[in-house]
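See below for the structure under consideration.
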Amino acid sequence: MIAVPKYWEDPQLLQVNRLKPRAYYIPYADESAAAARRRGDSPFYRTLNGSWKFSYVPSVRDVQDGFYKEAYDASGWDDLIVPSCWQTSGYDQLHYTNVNYPIPCDPPYVPDENPAGLYVREFNVAEGWSGKQINIVFEGVNSCFYLWANGSFVGYSQGSRVPAEFDLSPYVRAGRNKIAVMVLKWCDGTYLEDQDLWRYSGIFRDVYLLARESVHVLDVFNRQELAADFGSAVLRSEIVASGRTNVRADLKDADGRTVASGSADIDGSGAIELAISDPVLWNAEQPYLYKLFVYAGGEVLAFPVGFRKVDITDGVFRINGKAVKLKGVNRHDSHPELGQTIPIRHMTEDLELMKRHNVNTIRTSHYPNDPRFLDLCDEYGFYVVDEADLECHGIGSAEGWAEGAFHKLSANPAWKEAFVDRAARMVERDKNHACVVIWSMGNESGYAGNHIAMAEWTRQRDTSRPVHYEGAAAIYRGSADTACLDMESRMYATVEFIETYAKDEANKKPLFLCEYSHAMGNGPGDLADYWRAIYRYPKLMGGCVWEWCDHGIKTATADGTPFFAYGGDFGDKPNDGNFCIDGLVSPDRIPHTGLLELKQVIAPVLIEAEDLAGGKLIVTNRYDFIGLGDVVLHWRVEKDGDIVRQGVVRGVEAGPQQSAAIALWDEAAQWSGGSHYLTLSCCTETATRWADAGHELAFEQFELPAVPAASAAPASATPSADADIRVALDGELLTVEGFDFRHRFDLGAGAFVAITKHGVNMLAAPTRFAIWRAPTDNDRNERKGWETEGFDRAGMKVYSSSWLQPDAGTVEIRTSYALAGYIRYPYLRGEAVWTVDGSGAVHLSTQVEVRESIEYLPRFGLQLTMPAGTEEVDYFGNGPHESYIDKRQSVHKGLYRTTVDDLHQSYVMPQENGSRFDTAWAVVTNKLGMGLKFSGPAAFSFNASHYTPEDLTAALHTYELVKRKETIVHLDYKMSGVGSNSCGPKLLPDYQLKEKTFAFAITLLPLFKEDGV
């Protein structure tokens, strides 16, 4: 066994020889290189990223002592790219767990079988670095590590997601050198890093060397003081140096012009104050950055400076004196192939996607991100809730959530330094970033004295940003002393709760929803409800949807079929299954429809009707700092899907949070002869860093008031509805035949078994009533009850069937029925009347009574199975993507021509998907246009798929779905909403199918659409 002190089980020993935390920077030799911020251009920087020799050892007890010595031959070891997570390279166990610790809960102790990763590499030190202090920086190592250089022990560090810097000068020489690192999978810090994520290990962020002057600037803290009217500002750069040195500071604007300069002799510590007038302020909408250059000796340091003020006044969160709503997401570091090792390009892709979907805030859940991520947030314009690398969720779970268990570590003084260290290292690294507007003291770790110490340290160090911690909420029964926190925060609070909070004048702090609208699978379905409240009440400062991306691992089956894996797919225990598949985008960053919903709900432009006949509208600018000068409104009026009028509006004069009236046409217009819809699209006129010109920011749609049209005579080529019908009964099989159709109804089964036109059968299986849907992830808390009731095994009992022909052109079939599963009483009873007229149309009307004890049904409607080859879909309703009663802000009415395959919305775990809420009519046919048209007196929910609900229910991964040749059509009276109850509140009553009696009517018309019939 390796002979090293057992630092990894001592919560009061967090480091050995690690340098003090500091602001993030790279020293450069000149200003132009510093401004360009390309690290490789600095002669004082040398990356140690690349190929290292690597040995994975299942237990630290089996690590061979002396592997770190200069003479040790590691040539036979594996090669591993650094940075990387060793699990994504085939070592150890891919493991996902949410709340529960992956080890026995015995703090500060961890298992003796503690896996170790041994890293060795050789590197050169340039002759030109002689006489300089040579530091090594590890941006992120999970979970703790020991460091040696040329056989000598250098130091130890833990705290996975903040930098660790060491002085190598006493240990290295010009020319060839050797460093060795031992990384342990677990340490006492593991108890503080129990975040909801895949548990990765190794040197997962960048490693590099810095050569510093013998006397150099150690740290810079750029504090701002803005005048009350923002007409002037003072930038006070507090500087810490390694000795006495002259320091000069130049502040330059975005065009490179110097706006202020100053210098000072710094002996250990000091400050330079720079005053400017009329500063251009930074905000997420206009992320204007100055650049501060700090010169000392032969080094130049560059810091972006965004002048902005964050405060809370009268319970309102403000940026630069204006109330701001935080329209945010929670973002983990997550890459489908690299794990927590995130390339710059991947960070940029995330930020550009967020910008294109109107997101302005990121909570770094639940740890500080790569420091370059914050550079990008400064530049792109995001408000960042910077969160300490702290979560000890499992401490509550280990004791069965006994009273006080959740607070056990936060209340233990032996862990105080470990708690404070995680806040301090975050604050020191990120203090100069304009984008960071809130410090967060971690996540789900209870709340007691150690958290209070964290917050108090943070407030003392930085008075310019408020401090957040949701774990102090009274519902957790922790310490009642929350004076150190500047806002109330909740996870998954109901809309009712946040409205009640906002109305209560006793609540003096703003309320922040650090997590809400759990975006798991087909969801979330409650965004509009939250934002109606958030916009209404000043005390509600917004929130961050949980979460940005699905944490799927890109993998493949044995036969090469690709899929995204989740917890348990690698034999990992304990695991939380697909609970990591809970994002607004897929692992490969394809937006889910939930992201499109969020984009519309938080859109920066709101359009409301004033006088639709006169084309008069009110446009409200929901930006906080910019006008609508770059917004172009494209509008069109469509009649039954055809454009009848269109235009463009430019130059809407509405300042931030202001409204303006516009008129699309000069006089009142009359719209007759069908449904007319006015659709407006708000687009950017010029290109930005994150979107091309013409990017749609928001849309709105209105149904125009219509003038009744004169009725038209029916086409003579079409059989009339009262044409003669012939009826034949063979046992229980009733045949209804007309001019060009022949339908069959099974009286015993209460179902049509054939609907034909010109001999083409449009059914491949009997019609049936359906109440089951493949549970969405947000149904997970309801699913057990649904299955107990037998919704998933619904069978129809036919009590009676009868038929009559009241006239030569009509046949009426009446069926009394019930739906039930074994064991339970029937959950509904109904009477169905099927009427066939001379055109071949089948009209269904059913009255339904639901058992009183049923809380609500997943759906109710008619399911049809149409033959193989039925692929084409035309419908008039909401599109272009799926919609539900509570998830329909991002769709609009129109005529859509698509296919059954394109109606399908793929989720990592298959579930209900692809339905179209509020459909007026739909046509589903083969490629020759032969099929069925569905319509009714009221709009209905429509779905066409190559999978049955049972197929989707049974499959746990996409590769398990076997596409049927037939097409399954659902025509629903209603479907319950999708909500966010996988972690959020219960589906709101308004979105539940909870009626105890209701009526449903639908018409099935066989047609050949290419004949115009």
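Residues in the sequence shown are numbered consecutively from 705, following our numbering. Built from N, CA and C at the ideal position, the CB exists for glycine as well.
> Which residue from Lys1013, Tyr1651, Thr1514 and Val824 puts its Cα closest to that of Val1141?
Replying inline: Position 437 of the sequence shown, counted from the start, is the residue given in the question as residue 1141. Ranking Lys1013, Tyr1651, Thr1514 and Val824 by Cα distance to Val1141 puts Lys1013 first.
> Which same chain residues, not among the five before or five after Leu1709, have their C-beta less than 6 Å away from its C-beta?
Replying inline: Mapped onto the sequence shown, residue 1709 falls at position 1005. Ala1545 and Lys1637.
> On the three-state DSSP scale, how would you describe Val1124?
Replying inline: By 1-based counting over the sequence shown, the position of residue 1124 is 420. Of the three classes helix, strand and coil, the one that applies to Val1124 here is helix, per DSSP.
> From Lys1059 to Asp1396, what does the alpha carbon distance come to, in whole angstroms?
Replying inline: If you number the sequence shown from 1, residue 1059 lands on position 355. If you number the sequence shown from 1, residue 1396 lands on position 692. C-alpha separation (whole angstroms): 12 Å.
> Considering Met1245, what are the terminal residues of the beta strand (DSSP E) in which it resides?
Replying inline: Numbered from 1 along the sequence shown, position 541 holds the residue referred to as residue 1245. Leu1244 to Val1249 is the span of the beta strand (DSSP E), which, as asked, contains Met1245.
> Is Arg909 closer than 8 Å to Glu989 when the C-beta atoms are compared?
Replying inline: Position 285 of the sequence shown, counted from the first residue, corresponds to residue 989. Position 205 of the sequence shown, counted from the first residue, corresponds to residue 909. For Glu989 and Arg909, no; Cβs fall outside 8 Å.
>> Measuring only the C-alpha atoms, how far is Ile1429 from Ala1512?
In response: For this step, residue 1429 is matched to residue 725 along the sequence shown. For this step, residue 1512 is matched to residue 808 along the sequence shown. So the two alpha carbons sit approximately 6 Å from each other.
> Near Ala707, which residues of its chain fall below 7 Å by C-beta distance, leaving aside the five closest residues on each side in sequence?
Replying inline: In the sequence shown, the residue the question calls residue 707 occupies position 3. Hits under 7 Å: Asp769.
> Got a sec? Which residues, its chain only, sit under 6 Å from Lys956 by beta carbon, not counting five neighbours each side?
Replying inline: As a working note, residue 956 is residue 252 in the sequence shown. Listed in chain order, the non-local C-beta contacts of Lys956 below 6 Å within the same chain comprise Thr962 and Lys995, local neighbours out to five positions each way being set aside.
> Is it right to say Met1719 is buried, meaning 16 or more other beta carbons lie within 10 angstroms of its own, or is it exposed?
Replying inline: This structure cannot speak to residue 1719, because the chain is shown only from 705 to 1717.
> Nearest to Glu1056 by CA position, among Ala868, Gly1025 and Arg1293, is which residue?
Replying inline: Within the sequence shown, the letter at position 352 stands for residue 1056. Nearest C-alpha to Glu1056: Arg1293.
>> To the nearest angstrom, how far is the alpha carbon of Ile1179 from that of Cys1081?
In response: Along the sequence shown, one-based indexing puts residue 1179 at 475. Along the sequence shown, one-based indexing puts residue 1081 at 377. So the two alpha carbons sit approximately 33 Å from each other.
> For Ala976, which three-state DSSP category applies?
Replying inline: Position 272 of the sequence shown, counted from the first residue, corresponds to residue 976. Checking the sequence, you will find Ile at residue 976 rather than Ala. Here Ile976 sits in strand by DSSP.
>> Can you tell me where the beta strand (DSSP E) holding Ile1306 begins and where it ends?
In response: Position 602 of the sequence shown, counting from 1, holds the residue named residue 1306. Looking at the DSSP string, Ile1306 is not in any beta strand (DSSP E), and its letter there is neither H nor E.
> What is the residue span of the beta strand (DSSP E) that Ser1101 lies within?
Replying inline: Counting from 1 along the sequence shown, the entry for residue 1101 is found at position 397. Counting along the chain, Ser1101 falls outside any beta strand (DSSP E), though it belongs to the alpha helix (DSSP H) covering Gly1098 to Ala1102.
> Buried or exposed: Tyr1529, going by 16 or more other Cβ atoms within 10 Å of its Cβ?
Replying inline: In the sequence shown, residue 1529 corresponds to position 825, counting from 1. Exposed, by the Cβ-count rule.
> From Ile1306 to Thr1065, what distance separates their C-alpha atoms?
Replying inline: Taking the first residue of the sequence shown as 1, we reach residue 1306 at position 602. Taking the first residue of the sequence shown as 1, we reach residue 1065 at position 361. In this model, Ile1306 and Thr1065 are separated by some 12 Å (Cα to Cα).
> Hey, how far is the Cα of Ile1558 from the Cα of Leu1437?
Replying inline: Residue 1558 sits at position 854 when you count from the first residue of the sequence shown. Residue 1437 sits at position 733 when you count from the first residue of the sequence shown. Cα to Cα, the separation comes out at about 34 Å.
> Contact check, Asp1280 vs Glu1251 under 8 Å by CB: the rounded distance?
Replying inline: Indexing the sequence shown from 1 puts residue 1280 at position 576. Indexing the sequence shown from 1 puts residue 1251 at position 547. So it is not a contact: roughly 14 Å between Cβ atoms.
> Taking 7 Å as the cut-off, is the CB of Pro747 close to at least one heavy atom of the ligand NAD?
Replying inline: Absence of the ligand NAD is noted for the structure shown, with no ligands found whatsoever.
> Does the distance from the C-beta atom of Phe1329 to that of Asn1062 stay below 8 Å?
Replying inline: Residue 1329 sits at position 625 when you count from the first residue of the sequence shown. Residue 1062 sits at position 358 when you count from the first residue of the sequence shown. No.
>> Among Arg1533, Lys1026, Pro1584 and Arg1049, whose alpha-carbon lies nearest the alpha-carbon of Asp933?
In response: Here residue 933 is taken as the residue at index 229 of the sequence shown, counted from 1. It is Lys1026 whose Cα lies nearest to the Cα of Asp933.
>> Measuring alpha carbon to alpha carbon, tell me which residue in Lys1700, Pro1214 and Leu1508 is nearest Asp1015.
In response: Numbered from its first residue, the sequence shown carries residue 1015 at position 311. The residue with the shortest Cα to Cα distance from Asp1015 is Pro1214.
>> Is it buried or exposed, Met705, if we count other Cβ atoms within 10 angstroms and call 16 or more buried?
In response: Within the sequence shown, residue 705 is the residue found at index 1, counting from 1. Met705 should be labelled exposed.
>> With distance defined between alpha-carbon atoms, name the residue in Val841, Leu1244, Ile1475 and Asp1054 nearest to Pro1295.
In response: Locating residue 1295 in the sequence shown gives position 591, counting from the first residue. Of Val841, Leu1244, Ile1475 and Asp1054, the residue nearest in Cα terms is Asp1054.
> Thinking just about the alpha-carbon of each residue, which of Gly1452, Glu1441 and Thr1471 is nearest to the one in Thr1460?
Replying inline: Here residue 1460 is taken as the residue at index 756 of the sequence shown, counted from 1. Nearest option by C-alpha distance: Glu1441.
>> Tell me which residue opens and which closes the alpha helix (DSSP H) that Gly1489 is part of.
In response: By 1-based counting over the sequence shown, the position of residue 1489 is 785. For Gly1489, the enclosing alpha helix (DSSP H) stretches over residues Arg1484 to Glu1493.
> How big is the Cα-Cα spacing for Ala1269 and Thr801?
Replying inline: Position 565 of the sequence shown, counting from 1, holds the residue named residue 1269. Position 97 of the sequence shown, counting from 1, holds the residue named residue 801. In a straight line, the C-alpha of Ala1269 is about 13 Å away from that of Thr801.
>> One question on the structure: do Arg1165 and Cys1188 come within less than 8 Å of each other, judged by their Cβ atoms?
In response: What you label residue 1165 is simply residue 461 of the sequence shown in a count that begins at 1. What you label residue 1188 is simply residue 484 of the sequence shown in a count that begins at 1. No; because the gap between Cβ atoms is not below 8 Å, this pair is not in contact.
> Distance, Cα to Cα, Phe1147 vs Gly1175?
Replying inline: Looking up residue 1147 in the sequence shown gives position 443. Looking up residue 1175 in the sequence shown gives position 471. Before going on, a small fix: residue 1147 reads as Asn here, not Phe. Looking at the two C-alpha atoms, the distance is approximately 6 Å.
>> Measuring alpha carbon to alpha carbon, tell me which residue in Thr792, Thr1519 and Glu826 is nearest Glu774.
In response: One-based indexing of the sequence shown puts residue 774 at position 70. Taking only the C-alpha atoms, the option nearest Glu774 is Glu826.
>> Tell me the rounded alpha-carbon separation between Gly1499 and Ser1520.
In response: The count along the sequence shown starts at 1 and reaches residue 1499 at position 795. The count along the sequence shown starts at 1 and reaches residue 1520 at position 816. The alpha-carbon separation between Gly1499 and Ser1520 amounts to approximately 14 Å.
>> Can you give me the C-alpha to C-alpha distance between Glu1670 and Arg1446, rounded to a whole angstrom?
In response: Numbered from 1 along the sequence shown, position 966 holds the residue referred to as residue 1670. Numbered from 1 along the sequence shown, position 742 holds the residue referred to as residue 1446. The alpha-carbon atoms of Glu1670 and Arg1446 are separated by roughly 21 Å.
> On the three-pair Cβ rule with 8 Å, is the stretch 919-937 touching the stretch 711-729?
Replying inline: At 8 Å Cβ cutoff, the stretches touch.
>> My assumption, with CB atoms under 8 Å, is that Asn950 sits in contact with Ser967. Please give the rounded CB distance.
In response: Reading the sequence shown from its first residue, position 246 is the one you call residue 950. Reading the sequence shown from its first residue, position 263 is the one you call residue 967. The Cβ separation is near 6 Å, so the contact holds.
>> Whole angstroms are fine: how far does the CA of Asn1154 sit from the CA of His1111?
In response: As a position in the sequence shown, residue 1111 is number 407, starting the count at 1. As a position in the sequence shown, residue 1154 is number 450, starting the count at 1. His1111 and Asn1154: Cα-Cα distance of roughly 10 Å.
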